[in-house]
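Asker: This structure is in structure tokens; I'll ask about it shortly.
There are 6 protein chains.
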Amino acid sequence: MEWITPVKPGFGGFDEPYERANVVFVGVPLDATSSYRSGYRFGPARIREASANLETYLTSAGLDVFERLNISDLGDLMVTPTDLRATGERISRSVQRITKDGKMPILLGGEHTLSYFAFQSFKDVFVVQLDAHRDLRDEYLGDKLCHATVMRRVLDHLPPERLLQVGIRSCSKEEAEFAREARIATYTSEQVIDDVPRIAAEARKLVGKARVYLTIDLDVLDPAFAPGVATPEPGGPSTVEILRLVRELGKLNISAFDVVELVPPHDDGTTAFAAAKIIYELLAAMASSPK
Amino acid sequence: MEWITPVKPGFGGFDEPYERANVVFVGVPLDATSSYRSGYRFGPARIREASANLETYLTSAGLDVFERLNISDLGDLMVTPTDLRATGERISRSVQRITKDGKMPILLGGEHTLSYFAFQSFKDVFVVQLDAHRDLRDEYLGDKLCHATVMRRVLDHLPPERLLQVGIRSCSKEEAEFAREARIATYTSEQVIDDVPRIAAEARKLVGKARVYLTIDLDVLDPAFAPGVATPEPGGPSTVEILRLVRELGKLNISAFDVVELVPPHDDGTTAFAAAKIIYELLAAMASSPK
Amino acid sequence: MEWITPVKPGFGGFDEPYERANVVFVGVPLDATSSYRSGYRFGPARIREASANLETYLTSAGLDVFERLNISDLGDLMVTPTDLRATGERISRSVQRITKDGKMPILLGGEHTLSYFAFQSFKDVFVVQLDAHRDLRDEYLGDKLCHATVMRRVLDHLPPERLLQVGIRSCSKEEAEFAREARIATYTSEQVIDDVPRIAAEARKLVGKARVYLTIDLDVLDPAFAPGVATPEPGGPSTVEILRLVRELGKLNISAFDVVELVPPHDDGTTAFAAAKIIYELLAAMASSPK
Amino acid sequence: MEWITPVKPGFGGFDEPYERANVVFVGVPLDATSSYRSGYRFGPARIREASANLETYLTSAGLDVFERLNISDLGDLMVTPTDLRATGERISRSVQRITKDGKMPILLGGEHTLSYFAFQSFKDVFVVQLDAHRDLRDEYLGDKLCHATVMRRVLDHLPPERLLQVGIRSCSKEEAEFAREARIATYTSEQVIDDVPRIAAEARKLVGKARVYLTIDLDVLDPAFAPGVATPEPGGPSTVEILRLVRELGKLNISAFDVVELVPPHDDGTTAFAAAKIIYELLAAMASSPK
Amino acid sequence: MEWITPVKPGFGGFDEPYERANVVFVGVPLDATSSYRSGYRFGPARIREASANLETYLTSAGLDVFERLNISDLGDLMVTPTDLRATGERISRSVQRITKDGKMPILLGGEHTLSYFAFQSFKDVFVVQLDAHRDLRDEYLGDKLCHATVMRRVLDHLPPERLLQVGIRSCSKEEAEFAREARIATYTSEQVIDDVPRIAAEARKLVGKARVYLTIDLDVLDPAFAPGVATPEPGGPSTVEILRLVRELGKLNISAFDVVELVPPHDDGTTAFAAAKIIYELLAAMASSPK
Amino acid sequence: MEWITPVKPGFGGFDEPYERANVVFVGVPLDATSSYRSGYRFGPARIREASANLETYLTSAGLDVFERLNISDLGDLMVTPTDLRATGERISRSVQRITKDGKMPILLGGEHTLSYFAFQSFKDVFVVQLDAHRDLRDEYLGDKLCHATVMRRVLDHLPPERLLQVGIRSCSKEEAEFAREARIATYTSEQVIDDVPRIAAEARKLVGKARVYLTIDLDVLDPAFAPGVATPEPGGPSTVEILRLVRELGKLNISAFDVVELVPPHDDGTTAFAAAKIIYELLAAMASSPK
């Protein structure tokens, strides 16, 4: 319909055919286990809307992301609200398929629980988590699998030395003790704020050449920079600090990543734009670093 | 702490001890199965806040609700986000206990699914449902039990001639056919708008002296009068029309009732105040009618 | 500065010199005694903003208000937040001065308490009150003079048979008894909704040729039509019903009127536009009726 | 990508190929000439979002719109913000093409000015306009073609006896005089409110079998039912009154229609849902009436 | 009612009996003297809501606040809107009683004026004020006692060398001159931003072992971190800077503290969460420092 | 009307007669060319409202702006929505007239396009632009003159070495190449964040004693500090960093300046207050530096 010139609804307003893509977006409007705010299901749509109103040329990397990468966006996958396992299988299957087809999956959340299902598609990965919270509870309000326990469930399948938590500033006593005993590599939010280059360098050294699953909970940002998250946690880094961090982390050997926990009914757009910018910065870092 | 004169947080700003009460409020911040908007969990709290800013004297009945009834408010019961059955059992058990203690339970929602669990505590009731939607799907997005199927699940345990649906203006083709075949007694929203007194009279005649479980989905109101609901359905009655209707329905032999589907993050207060006023009007009608 | 063509900030975007005016607006950003929502102080400004985006030609009357009347707007008078009496004296003095200069004062509120001070400038008036609440308490939360007691204080200086309350749907038991004993002429909101022409005709007959002080509490409208008020009271008339009513009341011998209780932080503009339209309709009715 | 089951972004969540369609949606995110509120450009997207959360089965007509009609949605056409003529040509060309292909175009606005460009594609049509305002100014703030003059520009190409204005409650003195002299067929909002069936019947008689271009400015609804419009005009009909009206107007010989003036940044969803419901009701009326 | 498991509404979702408590919260929903935004009365409730969604374990201190301290929450005390003195006496009496009972009072505001009444209960204290404004006017809009004069009124009873103002970035010329002449110890917001550890150390040295009344006006934070305050003042420190500061100030010999000036109708939750986190950080610092 | 003590609606709540002024404010509610958010037209009004709630005494400079400068505010000039050239001429003419009368014009936006028309009134100026975006496109969505091309249009009349761009963090590939080839002096946002004093010093050296037109696009601030802009761009400096910068830039030989791109419907007040504070800081710097 060239006489219409329609806006394409995919990430960045672009949309390559799946077959040609090397990067593939999938929205996961999961909205199931929150104990406080909810409304996650509009998250993927609002990140896409913001992405279409940011430049695809990244000044930090000096390149246009869409010139370097072939990007496809499959839209949102179907969520069955009361059947988390069925939804989870759909997530796992999609991530496996995209990976098997030799493409990198990027998941737009949705609730953090989705990371557990996406992670399961990978063997021998290092999990890097940007988050205000450890999410290491064994159970929360009677749930074994929810946003507050998701990384504990990941650790059911991952040696604790393969997990790096960055930006942490809140956990329960039990989580603190568990993390200490399991020797989870951790950088607190104040360590990030005080010296981004050092944290970035140490993280890169720790992870080395391992394949990486990167999960970014938007509440890693201070609520001033990300008011529209499910559980705001004051005392976090600024957007520019996180952009500088992901610019370095993007040089890791990333197999897949997700950006989660946007809650649009509580957002004024600031959080959605931060999410989209973080994704662009990661894509640019990947595009400019030899693998 | 009489030197503080604290505001009591219960419905109406009052709070009798449970033992003395003949009417007992329970909040059910269920927020589990929505396919569109969510944020139900703040519903009970916002209805209580509104109730404390309305008069307890009802001009329509010429009486003060709190002079006639002993009202207790137990607060919100605990919800396990990903375990609907466990939450459901907690709802059922609470309603049974209150009923067994000879008091009338009133449930503040929360998602409509809670009605299924509350209803189960009663035998031989007539269910009267004020709603824009039939909620008679057999399955919705893979769910057998959710806000879109809740009355169908009720009909698993109730003869269809014991269900009355009022204010209906939306359903799927399958629901329309099911309702026709099962001969569900129905008044559409336009029938309500055109003649409240006739509908009220016919409803009272149909139900007779049967014990009644009354469930009020706030989306029965037009979105102008209830913008803060999960699935707005244009074309409904005004608040004054619903107040006039419940003023009559309150004369039925009501065993329990619920008011559900308030979604505060999408409300400007209008819906919460309408909910609180509807409850006061029902309480006044009950208080003034001999049982 | 004709090279700028600046927008004039007065009501309707016009602004005649005071000397030439026969109608004079004064904003009273009083925000002192509320027990629930507040933010009244932005009320006058928002009514003016709305008024500049409505037509000054009234189709109901077939005339342009600004062609018939010379209208001046003095802006907002200064309010001393913690000294209600000082503010009150400023209100009284302004109303007296405008009246003495042979012009009609119109007050834009601001909290309803301002009506007490404005009313004091008149002798032998009939007070017509459009309101959801009677405001006849003798004391409220320890206050003798506040939005909930304002008409009781007026009755300290006015024989009860000179007060007409229209749109009433809420009061305390004490107010109900006081109104009954004092035989306050009253039309409930449901009476208004059922038959505007009858109520209007009866009101005009009751008041006759007496000089009138008209006070319009915007919560007389149902919250669907006026969500941005301090104490929403579900079950009121629609805007069109109130417009039809004031079209008739405007034919009374009005000496002054006020429009009060707008709370902009809780408004989406709907209430401000309703306020401005009601004022235009009143002005048109006055302009077209011979005095 | 059947392994994803993506949500389709078209109207109603469906999306037939253009070739098979008999009804074709086009979004026109025009946001150019407003003098008060703006943000129209998000209008089409929000109407689509609402449409996916309403039933496609219409109880009033007893049919499923998507079973009777093949519906395609081409997305939003490109708007050049400062070049209204270029955008207008794109609108005209699209409507012509769809019409020439034997399909009915439906335009989702966007600002009312788009109707002028869509109308130009038709000869010998009768224009039926649902609107609070006449939009008959010859010039507004220096503009000859904008939301306040659009129907006057239409009359540059249409005999005045081929225009019907319904729901009118506001205009300038000049517009009132122009309408009287040109004998524009008019029903005011109060006439609609007082007797929908009579207005509907008279309108159908007036228009007869003529081909119709129907334009629906959402501000025809009272602001309580449509708060998110550019210029709210208090005193309009309710949604149910407009639904009843369009249910009859849908039986006319409609060639194309538009729904315009939604301003999402000022909407709480109520207006978008009303817009979607009005469209469904129109489609159902068309599907059920023999042409 | 163990069959309900109700959420407790006190700070942190906990609620020890008063008798066992060593820390006692009182809400003061004072909303009386603002000259710009208002809506303070919902402040205490929103801080409590936020507090229930933050961890009670503080990673900075490595302890769980509720394990170390017995915390009781008495709810909100009654406010008489137009009688500031009566309300003030209620505040003073409550603080005295709690103090006399050997417990530490914490006041949740509410308007800053409450600090004057709370302060009066103490002799020989050092007042530490975190604030963007000096609040040292002698009179403001005709008021001798309001949010803009509160610290000047405190100085009617306190030697100026016992007052420390931190975070200051705004005052009138008169306040600047008064502060200079009275030699008020002051750290500006930019001094705080540039070197939190130095300011914290100097403040601790200045105050020494004196008993301290600490008052925290949330507008000390930059509006990005605290948008929901009565008078936003751009140019302030971040939340993490204030958290680091109070972590040190919490080691002072604090007798009581308040957190004031939250205005929920203008907040998106960010400010309420910052307030709750600041309180937790203070409690943890107190719990971990030997007195 | 001294008996009213009306609030003056000009910047800062003051309003000197034009004749006596040396600084003159003009609002330009231009809202024409945006491709994403709009609603600029309320921008000047909201900056004025904020300015009246900030101190006129600046602690950084130790002076009261209104004691040093005679400030007049002409209100908003008329905008013709669809005729950008006509509006532009009105802007140019106003700026020329004010300049010719020996006064300094300050423009309150409104969309950034206005800077092009204001700039045209000056010869031999140096343009200093604080902005997240370069705005150097040659064409955008078919427009030659809009917010995304405005500085390119300025460069049609200005040698590129007379342009300094500060705070830049986003542009298209074409803009990056154009800026490199044209050798536009540029400081990125991260350079500003890392060392404000150095950037300020270098900027002052670069500009020297040239006459300066300063244009401040509020999106130069990070969206946390300025959420209410048309195109939020994450990764910017804080308000305090920009305040420190303008405190130095205010010592340049400024002939005129503008503050643009505020979009109030998307603002919570934070952006409007930041805008007003930046203006005060600039005025104070000008007032305290000898010219």
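Chains as they are written, first to last, in the working numbering: chain A, 1 to 291; chain B, 292 to 582; chain C, 583 to 873; chain D, 874 to 1164; chain E, 1165 to 1455; chain F, 1456 to 1746. Ideal placement from N, C-alpha and C gives every residue a C-beta, glycine not left out.
Please identify, using Cβ separations under 8 angstroms, the residues of the stretch 502-517 of chain B that lie next to chain C, in order along the chain.
Answerer: 513, 515 and 516
Asker: Specify, as a first and last residue, the run of the alpha helix (DSSP H) that residue 194 of chain A falls within.
Answerer: Taking the first residue of the first sequence as 1, we reach residue 194 of chain A at position 194. First-last of the alpha helix (DSSP H) with residue 194 of chain A: 189-194.
Asker: Residues of chain C with CB closer than 7 angstroms to the CB of residue 1240 of chain E, please, in chain order.
Answerer: Residue 1240 of chain E sits at position 76 when you count from the first residue of the fifth sequence. Those within 7 angstroms of residue 1240 of chain E in chain C number zero; the least Cβ separation is about 12 angstroms.
Asker: Considering residue 1326 of chain E, what are the terminal residues of the beta strand (DSSP E) in which it resides?
Answerer: Residue numbering aside, residue 1326 of chain E sits at position 162 when the fifth sequence is read from its first letter. Taken as a continuous stretch (DSSP letters only), residue 1326 of chain E belongs to no beta strand (DSSP E), as it is neither H nor E.
Asker: Show which residues of chain F have a CB atom less than 8 angstroms away from the CB atom of residue 1432 of chain E.
Answerer: In the fifth sequence, the residue the question calls residue 1432 of chain E occupies position 268. In chain order: 1723.
Asker: Which of helix, strand or coil does DSSP assign to residue 355 of chain B?
Answerer: Translated into the one-based positions of the second sequence, residue 355 of chain B becomes position 64. If DSSP states are grouped into helix, strand and coil, residue 355 of chain B belongs with the strands.
Asker: Could you tell me whether the Cβ atoms of residue 105 of chain A and residue 26 of chain A are closer together than 9 angstroms?
Answerer: Indexing the first sequence from 1 puts residue 105 of chain A at position 105. Indexing the first sequence from 1 puts residue 26 of chain A at position 26. For residue 105 of chain A and residue 26 of chain A, yes; Cβs fall inside 9 angstroms.
Asker: Along the stretch 527-552 of chain B, what residues have a CB closer than 8 angstroms to any CB found in chain C?
Answerer: 529, 530, 531, 534 and 535
Asker: List the residues of chain B that residue 1173 of chain E touches, going by C-beta distances under 7 angstroms, in chain order.
Answerer: As a first step, residue 1173 of chain E must be located in the fifth sequence, where it is residue number 9. Per Cβ cutoff of 7 angstroms: 300.
Asker: Within the chosen definition, does the stretch 993-1005 of chain D reach the stretch 1081-1088 of chain D through at least 3 CB pairs nearer than 8 angstroms?
Answerer: yes
Asker: For the stretch 752-765 of chain C, list every residue whose C-beta sits within 7 angstroms of some C-beta in chain B, in sequence order.
Answerer: 752, 753, 754, 755 and 758
Asker: Hey, is residue 676 of chain C's beta-carbon within less than 9 angstroms of any beta-carbon in chain B?
Answerer: Locating residue 676 of chain C in the third sequence gives position 94, where the first residue counts as 1. Not one chain B Cβ lies under 9 angstroms of residue 676 of chain C.
Asker: Which residues mark the beginning and the end of the beta strand (DSSP E) in which residue 1191 of chain E is found?
Answerer: Here the question's residue 1191 of chain E lines up with position 27 in the fifth sequence. Unbroken beta strand (DSSP E) run through residue 1191 of chain E: 1187-1192.
Asker: Within the 9 angstroms Cβ cut-off, does residue 341 of chain B reach chain A?
Answerer: By one-based count along the second sequence, residue 341 of chain B stands at place 50. No, its Cβ sits nowhere closer than 9 angstroms to a Cβ of chain A.
Asker: Let me know if residue 1365 of chain E comes out buried or exposed under the rule of 16 or more other beta-carbons within 10 Å of its beta-carbon.
Answerer: To locate residue 1365 of chain E, count along the fifth sequence from 1; it is residue 201. Looking at its Cβ environment, which holds fewer than 16 other Cβ atoms inside 10 Å, residue 1365 of chain E is exposed.
Asker: Provide the residue span of the alpha helix (DSSP H) that contains residue 576 of chain B, from first to last.
Answerer: If you number the second sequence from 1, residue 576 of chain B lands on position 285. It spans 561-579 - the alpha helix (DSSP H) in which residue 576 of chain B sits, taken as one unbroken run.
Asker: Got a sec: is the Cβ-Cβ distance from residue 1683 of chain F to anything in chain G below 9 angstroms?
Answerer: Here chain G cannot be found, since the structure's protein chains are A, B, C, D, E and F.
Asker: With residue 809 of chain C and residue 560 of chain B assumed to form a contact (beta carbons below 8 angstroms), what rounded beta-carbon distance in angstroms separates them?
Answerer: Numbered from its first residue, the third sequence carries residue 809 of chain C at position 227. Numbered from its first residue, the second sequence carries residue 560 of chain B at position 269. That pair is a contact at about 7 angstroms.
Asker: Near residue 1208 of chain E, what residues of its chain come up, given a Cβ to Cβ distance below 8 angstroms and the 5 sequence neighbours on each side ignored?
Answerer: Against the fifth sequence, residue 1208 of chain E aligns to sequence position 44. Counting only Cβ-Cβ distances below 8 angstroms, and skipping sequence neighbours, we find 1191, 1192, 1193, 1240, 1272, 1273 and 1274.
Asker: Kindly list, in the order they appear in chain F, the residues whose Cβ is closer than 8 angstroms to that of residue 959 of chain D.
Answerer: To locate residue 959 of chain D, count along the fourth sequence from 1; it is residue 86. The contacting residues are 1597.
Asker: Chain C beta carbons: is any one of them nearer than 9 angstroms to that of residue 1063 of chain D?
Answerer: The residue given as residue 1063 of chain D occupies position 190 in the fourth sequence. It does; some Cβ of chain C falls within 9 angstroms.
Asker: Should residue 1517 of chain F go down as buried or exposed, given a rule of 16 or more other Cβ atoms within 10 Å for buried?
Answerer: Position 62 of the sixth sequence holds residue 1517 of chain F. Exposed.
Asker: Report, in whole angstroms, the separation of the C-beta atoms of residue 282 of chain A and residue 271 of chain A, which I expect to be a contact under 8 angstroms.
Answerer: If you number the first sequence from 1, residue 282 of chain A lands on position 282. If you number the first sequence from 1, residue 271 of chain A lands on position 271. Contact flag wrong, Cβ pair sits at about 17 angstroms.
Asker: How about residue 459 of chain B and residue 425 of chain B: are their beta carbons less than 9 angstroms apart?
Answerer: The sequence position of residue 459 of chain B within the second sequence is 168, counting from 1. The sequence position of residue 425 of chain B within the second sequence is 134, counting from 1. Yes.
Asker: Decide if the stretch 1708-1722 of chain F is in contact with the stretch 1536-1547 of chain F; the criterion is three or more beta carbon pairs, one per stretch, under 8 angstroms apart.
Answerer: no
Asker: Determine the closest residue to residue 628 of chain C out of C/825, C/641, C/647 and C/594, with distance taken between C-alpha atoms.
Answerer: The count along the third sequence starts at 1 and reaches residue 628 of chain C at position 46. Of the listed residues, the one whose Cα sits closest to residue 628 of chain C is C/594.
Asker: Quick one: what's got a C-beta closer than 6 angstroms to residue 620 of chain C's C-beta in the same chain, skipping five residues either side?
Answerer: One-based indexing of the third sequence puts residue 620 of chain C at position 38. Take residue 620 of chain C, set aside five residues on each side of it, and the residues of its chain with a beta-carbon closer than 6 angstroms to its own are 613, in chain order.
Asker: What is the DSSP secondary structure of residue 134 of chain A, reduced to helix, strand or coil?
Answerer: On the first sequence, residue 134 of chain A is found 134 positions in, with the first residue counted as 1. In this structure, residue 134 of chain A counts as coil in the three-state DSSP scheme.
Asker: Among the residues of its own chain, which have a CB less than 8 angstroms from the CB of residue 894 of chain D, if the five just before and after it don't count?
Answerer: For the purposes of this step, residue 894 of chain D is taken as the residue at position 21 of the fourth sequence. 943, 944, 945 and 976, listed in sequence order.
Asker: Please list the terminal residues of the continuous alpha helix (DSSP H) segment that includes residue 1375 of chain E.
Answerer: The residue labelled residue 1375 of chain E in the question sits at position 211 within the fifth sequence. No alpha helix (DSSP H) holds residue 1375 of chain E; the beta strand (DSSP E) holding it covers 1375-1381.
Asker: Just confirm the distance between the C-beta atoms of residue 1688 of chain F and residue 1674 of chain F, as a whole number of angstroms; I'd bet it's less than 8 angstroms.
Answerer: For this step, residue 1688 of chain F is matched to residue 233 along the sixth sequence. For this step, residue 1674 of chain F is matched to residue 219 along the sixth sequence. Contact flag correct, Cβ pair sits at about 6 angstroms.
Asker: Going by Cα to Cα distance, which pick from F/1568, F/1511 and F/1519 is closest to residue 1685 of chain F?
Answerer: Along the sixth sequence, read from residue 1 onward, the residue named residue 1685 of chain F stands at position 230. Nearest of F/1568, F/1511 and F/1519 to residue 1685 of chain F, Cα basis: F/1568.
Asker: Can you find a C-beta in chain E that's less than 9 angstroms from the C-beta of residue 665 of chain C?
Answerer: Taking the third sequence and counting its residues from 1, the one referred to as residue 665 of chain C is at position 83. Closer than 9 angstroms to some Cβ of chain E, the Cβ of residue 665 of chain C qualifies, so yes.
Asker: Any chance you could list the beta strand (DSSP E) runs of at least 3 consecutive residues sitting entirely within the stretch 213-268 of chain A, in chain order?
Answerer: Secondary structure remark: continuous beta strand (DSSP E) runs of at least 3 residues inside the stretch 213-268 of chain A, in chain order: 253-260.
Asker: Kindly list, in the order they appear in chain A, the residues whose Cβ is closer than 7 angstroms to that of residue 371 of chain B.
Answerer: The residue given as residue 371 of chain B occupies position 80 in the second sequence. The answer, in chain order, is 141, 142 and 143.
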